[in-house]
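**Student:** I'd like to ask you about the structure that follows.
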Amino acid sequence: MASAIQMPKLSDTMTEGTIHKWLVKEGDQISPGDPIAEVESDKATLEMEAYEGGTILKILVPDGGTAAVGSPIAVVGKPGEDWQAVVAGGAPAPEGEGPAPAAAPPPPPAAAAPAAAGEGEGPAVQVAK
65 MASAIQMPKL SDTMTEGTIH KWLVKEGDQI SPGDPIAEVE SDKATLEMEA
115 YEGGTILKIL VPDGGTAAVG SPIAVVGKPG EDWQAVVAGG APAPEGEGPA
165 PAAAPPPPPA AAAPAAAGEG EGPAVQVAK
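Dropping the structure here:
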């Protein structure tokens, strides 16, 4: 199944990146670990590597184009697959790409029962004799 290649977050302060230069073109075969683009962040220009193999079906952000972190910049899959469905449907990112899912909020603390008269006073530990 075709999947989106997303703009990576290269630093803690990065909110968007610029495709300095694509190192592949549409129709090229790629393997995991292959350098596919030079991405410019707010601090540096780094090579971006492919997370999965396949064929570059569509380059969505051209050389010099800017995209928000996590947004699709290209689509990889098998030749002939519908890349438009991936972009329109917001297909899930391949493992290792994109932001991690948010953790569930912690449950609210349980309400403490009111103390009975005389409780809460004196030593917290009773000593057996």
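For the sequence shown, my numbering gives the first residue as 65, with consecutive numbering after it.
Ideal placement from N, C-alpha and C gives every residue a C-beta, glycine not left out.
#1: Where does Gly81 fall in DSSP's three states?
#2: By the DSSP assignment, the beta strand (DSSP E) with Gly141 in it spans what residues?
#3: Taking Cβ to Cβ, would you say Thr82 is nearer than 8 Å to Thr130?
#4: Could you check what DSSP says for Ala101 in three-state terms: helix, strand or coil?
#5: Report the option in Ser105, Ala66, Gly91, Lys89 whose CA atom is closest to the CA atom of Lys133.
#6: Does DSSP put Gly118 in a helix, in a strand, or in coil?
#7: By DSSP, does Ala192 sit in helix, in strand, or in coil?
#8: According to DSSP, is Ala132 part of a helix, a strand, or is it coil?
#9: What's the gap between the Cα of Lys73 and the Cα of Glu113?
#10: Let's test the definition: count the other Cβ atoms within 10 Å of the Cβ of Met71 and tell me whether it reaches 16, buried, or not, exposed.
#11: Determine the contact status of Gly141 and Gly118, defining contact as a CB-CB distance below 8 Å.
**Tutor:** Judging by the given coordinates:
#1: As a first step, residue 81 is located in the sequence shown; it is residue number 17 there, counting from the start. In the structure shown, Gly81 sits in a strand (DSSP, three-state: E or B).
#2: Counting from 1 along the sequence shown, the entry for residue 141 is found at position 77. Gly141: member of the beta strand (DSSP E) spanning 136-141, first to last residue.
#3: On the sequence shown, position 18 is the one that residue 82 refers to. On the sequence shown, position 66 is the one that residue 130 refers to. In this structure, Thr130 lies closer than 8 Å to Thr82 by Cβ.
#4: Your numbering for residue 101 matches position 37 in the sequence shown. Residue state for Ala101 is assigned as strand, using DSSP reduced to three classes.
#5: The residue given as residue 133 occupies position 69 in the sequence shown. The question names Lys, but residue 133 is Val in the sequence shown. That would be Ser105, whose Cα lies nearest to the Cα of Val133.
#6: Residue mapping note: residue 118 aligns to position 54 of the sequence shown, counting from 1. Strand, per DSSP.
#7: Taking the first residue of the sequence shown as 1, we reach residue 192 at position 128. DSSP places Ala192 in the coil class of the three-state scheme, outside both helix and strand.
#8: Numbered from its first residue, the sequence shown carries residue 132 at position 68. In the structure shown, Ala132 sits in a strand (DSSP, three-state: E or B).
#9: Counting from one through the sequence shown, the residue named residue 73 turns up at place 9. Counting from one through the sequence shown, the residue named residue 113 turns up at place 49. Rounded to the nearest angstrom, the two C-alpha atoms are 13 Å apart.
#10: As a working note, residue 71 is residue 7 in the sequence shown. Counting the other Cβ atoms within 10 Å of the Cβ of Met71 gives 16 or more, which makes it buried.
#11: Working through the sequence shown from its first residue, we reach residue 141 at position 77. Working through the sequence shown from its first residue, we reach residue 118 at position 54. Their beta carbons are under 8 Å apart, which means Gly141 touches Gly118 by this criterion.
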